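J.: Following this message is one structure expressed as structure tokens.
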Amino acid sequence: MDNRVFAVIVGIDQYKSGDIWNLEACVDDAKSMKRWLVNDLGVPKHQIAMLVNEKATKQNIETTLNTHLLNNSRIRKGDAILIYFAGHGSTLKAPRDWLLEKNLRCNVEVLCTYDHDTKGPDGRIAGISARAMHTFIHDLSKLKGNNVTLMLDSCFTSPPPSSRDRSCIRWTATGKAVAEDLYRGQLPCPRLQKRNESFYNRHWTTHTVITACRPGASAFEGKEGGKLTSVFLETVRSVALHDTSFSDFLEEIKRRMGEGQSIYCSGVHPARLFNSIPFTQDHSYIPVQFHLQKGIRIELGSLHGIEKGGEFSIHGHNCVGSRNPVLASFTVQQVYPTWCVGKTKTSSLLPKHCWARVPRNPSSYRLIKAFRALLHSAALHKPLAASRSVSIVSISDIKNSTTKSELIETAEAILASKPLLAPLMK
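Numbering of the sequence shown is given in UniProt numbering, commencing with residue 1 and proceeding in unit increments.
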């Protein structure tokens, strides 16, 4: 089953306007976030839309938010949604009709798109305001639920004059766009509201917001990338995410970031990151049973290609995308058709519930993978007649099938014995 996570990822180093200094690590941050989603969490690539540099125009970002998230029929209510942005933040003076109290003027926070502060067909382009983004997410949550995370590796306050190297701070001034330009774009941006929305607003009930720094502070980047992104990725790979509360996860990020810059989180606080949606069961792990006389028992045997002397690694859980170190090494001592027993090489006590990782023979993996596809296709389109007698098959039979006719016979035998091969065919 596909991992139920959908993401829009934006990273901008190079800006169209010559008045905006370029950054160095935002595109790498965006690519690193995508690698984490794909390689660690198992999110299918087609569920991730990524825009970098000149592709990350205001029009392209807003179109992608609408098509990939809001109007995406594949996203079910409750699925995890991530909107990630790495680039400059800025502020503009609000229009006179921004608030119901017209005499009250304020600054509006914006995410700087690639073409921010440049001339567009109808005026200057003013990036994506906090109001426009939150209005979009409000509409999104009505359709898809509030398991939405907005992660911003940017800041919205100019650095102090004493700042030594402003080029490593993800903020820029806006010099040419004017207040009325904030209303231009595909995302709704209503006028005459009671309050000025901020990316730091604590009262959102439609989504979670993770920002790189506190209000009034600066977001930095260095050789390792944006401070928030680099520490976030370091943390997700060092804790058991499936069993770590969201609050504890944030505290660990704060501890790792140190005093120079502190993460800020507002809005919905889920029990776990992404509401635990990505941490599905990994079927390459088999539950371990403890037997007083025979030691450890695993429900895989000779019919699954298990041989005496084979080894498994023992782990504390079977969740995708969550740190899962090896607790012990297990050696097979006795093999039966559908199960085996053995002992670990350590005297340390194992937890009551643990899992063994299914071993794979690299030389036969591709062939086994091909037979999975063949099995799926045959099961859907060419089921075997119930009266046909077929012998039980093992993985070793696959390895030894050399001719086309032998492969076909072996495939038919796999269809008959597929319940026994289930752990290797999920």
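Just so you know, even glycine gets a beta-carbon here, dropped at the ideal spot from N, CA and C. Source: prediction; values computed, not measured.
Can you tell me where the alpha helix (DSSP H) holding Asp-139 begins and where it ends?
T.: Here residue 139 refers to the residue found at position 139 when the sequence shown is read from its first residue. It spans 130–144 - the alpha helix (DSSP H) in which Asp-139 sits, taken as one unbroken run.
J.: State the beta-bridge partners of Gln-186 as determined by DSSP.
T.: Position 186 of the sequence shown, counted from the start, is the residue given in the question as residue 186. Answer is none; Gln-186 lacks a bridge partner.
J.: Leaving out five residues before and five after Asn-318 in sequence, what residues of the same chain have Cβ atoms less than 7 Å from its Cβ?
T.: If you number the sequence shown from 1, residue 318 lands on position 318. Gln-281, Asp-282, Tyr-285, Trp-355, listed in sequence order.
J.: With a threshold of 8 Å, are at least 3 pairs of Cβ atoms found where one atom belongs to the segment 289–302 and the other to the segment 336–346?
T.: Yes, the segment 289–302 touches the segment 336–346.
J.: My parser needs the alpha helix (DSSP H) runs of 4 or more residues fully inside the segment 41–115; what are they?
T.: Listed in chain order, the complete alpha helix (DSSP H) runs (minimum 4 residues) inside the segment 41–115 are 58–64.
J.: Is Ser-174 helix, strand or coil when you go by DSSP?
T.: Reading the sequence shown from its first residue, position 174 is the one you call residue 174. One point to set straight first is that residue 174 is Thr, not Ser, in the sequence displayed. Of the three classes helix, strand and coil, the one that applies to Thr-174 here is coil, per DSSP.
J.: Thinking just about the alpha-carbon of each residue, which of Pro-160, Lys-343, Leu-327, Val-38 is nearest to the one in Gln-333?
T.: Your numbering for residue 333 matches position 333 in the sequence shown. Answer by Cα proximity: Lys-343.
J.: Under the assumption that Gly-89 contacts Cys-155 (Cβ atoms under 8 Å), give the Cβ distance between them as a whole number of angstroms.
T.: On the sequence shown, position 89 is the one that residue 89 refers to. On the sequence shown, position 155 is the one that residue 155 refers to. Right, the Cβ-Cβ distance comes to about 5 Å (below 8 Å), so this counts as a contact.
J.: With which residues is Leu-350 paired in a DSSP beta bridge?
T.: As a working note, residue 350 is residue 350 in the sequence shown. DSSP, once it has assigned bridges, lists no residue as partnering Leu-350.
J.: Would you call Asn-39 buried or exposed, if buried means 16 or more other Cβ atoms sit within 10 Å of its Cβ?
T.: Here residue 39 corresponds to residue number 39 of the sequence shown, with the count starting at 1. Counting Cβ neighbours within 10 Å, Asn-39 comes out exposed, since fewer than 16 surround it.
J.: So, does the segment 90–105 touch the segment 138–145, judging by three or more C-beta pairs under 8 Å?
T.: Short answer: they don't touch.
J.: Excluding the 5 residues flanking Gly-316 on each side, which residues of the same chain have their C-beta closer than 7 Å to its C-beta?
T.: Counting from one through the sequence shown, the residue named residue 316 turns up at place 316. Hits under 7 Å: Asn-324, Leu-327, Pro-351, Cys-354.
J.: From which residue to which residue does the alpha helix (DSSP H) around Arg-255 run?
T.: Taking the sequence shown and counting its residues from 1, one reaches residue 255 at position 255. Taken as a continuous stretch (DSSP letters only), the alpha helix (DSSP H) holding Arg-255 covers 246–257.
J.: Identify the residues that DSSP records as bridge partners of Ala-7: which are they?
T.: Against the sequence shown, residue 7 aligns to sequence position 7. Looking at the DSSP assignment, Ala-7 forms a beta bridge with Ile-48, Leu-82.
J.: If you count every other CB in all the chains shown that lies within 10 Å of the CB of Thr-205, and 16 or more means buried, which is it?
T.: Residue numbering aside, residue 205 sits at position 205 when the sequence shown is read from its first letter. Counting Cβ neighbours within 10 Å, Thr-205 comes out exposed, since fewer than 16 surround it.
J.: What is the residue span of the alpha helix (DSSP H) that Asp-28 lies within?
T.: Numbered from 1 along the sequence shown, position 28 holds the residue referred to as residue 28. From DSSP, the alpha helix (DSSP H) with Asp-28 extends over 26–35.
J.: Let me confirm a value: Lys-34 is counted as buried when at least 16 other C-beta atoms fall within 10 Å, else exposed. Which label applies?
T.: Within the sequence shown, numbered from 1, the residue matching residue 34 stands at position 34. Lys-34 comes out buried.
J.: In angstroms, rounded to a whole number, what distance separates the CA positions of Ala-173 and Asp-122?
T.: Locating residue 173 in the sequence shown gives position 173, where the first residue counts as 1. Locating residue 122 in the sequence shown gives position 122, where the first residue counts as 1. Approximately 21 Å between the Cα atoms of the pair.
J.: Is it a yes or a no for the segment 123–133 touching the segment 71–82, going by three-plus beta-carbon pairs under 8 Å?
T.: Output reads no: the segment 71–82 does not touch the segment 123–133.
J.: Hey, quick one: how far does the beta strand (DSSP E) through Ser-322 stretch, first residue to last?
T.: Taking the first residue of the sequence shown as position 1, residue 322 is located at position 322. Element bounds for Ser-322: n/a, residue is neither H nor E.
J.: How many angstroms separate the CA atom of Leu-420 from the CA atom of Ile-83?
T.: Locating residue 420 in the sequence shown gives position 420, counting from the first residue. Locating residue 83 in the sequence shown gives position 83, counting from the first residue. At Leu-420, the pLDDT of 46 sits below 50, so the modelled position is not reliable and the matter cannot be decided from this model.
J.: In three-state terms, what does DSSP make of Cys-265?
T.: Against the sequence shown, residue 265 aligns to sequence position 265. In this structure, Cys-265 counts as strand in the three-state DSSP scheme.
J.: Between which residues of its own chain and Thr-69 is the CB-CB distance below 8 Å, once the five residues before and five after are set aside?
T.: Position 69 of the sequence shown, counted from the start, is the residue given in the question as residue 69. Note that residue 69 is Leu in the sequence shown here, rather than Thr. Phe-6, Val-8, Ile-75, Ile-81, Ile-83, Leu-140, Lys-144.
J.: Considering only the beta carbon of each residue, do Ser-247 and Arg-202 sit closer than 7 Å?
T.: Taking the first residue of the sequence shown as 1, we reach residue 247 at position 247. Taking the first residue of the sequence shown as 1, we reach residue 202 at position 202. Not in contact: Ser-247 and Arg-202 (Cβ atoms no closer than 7 Å).
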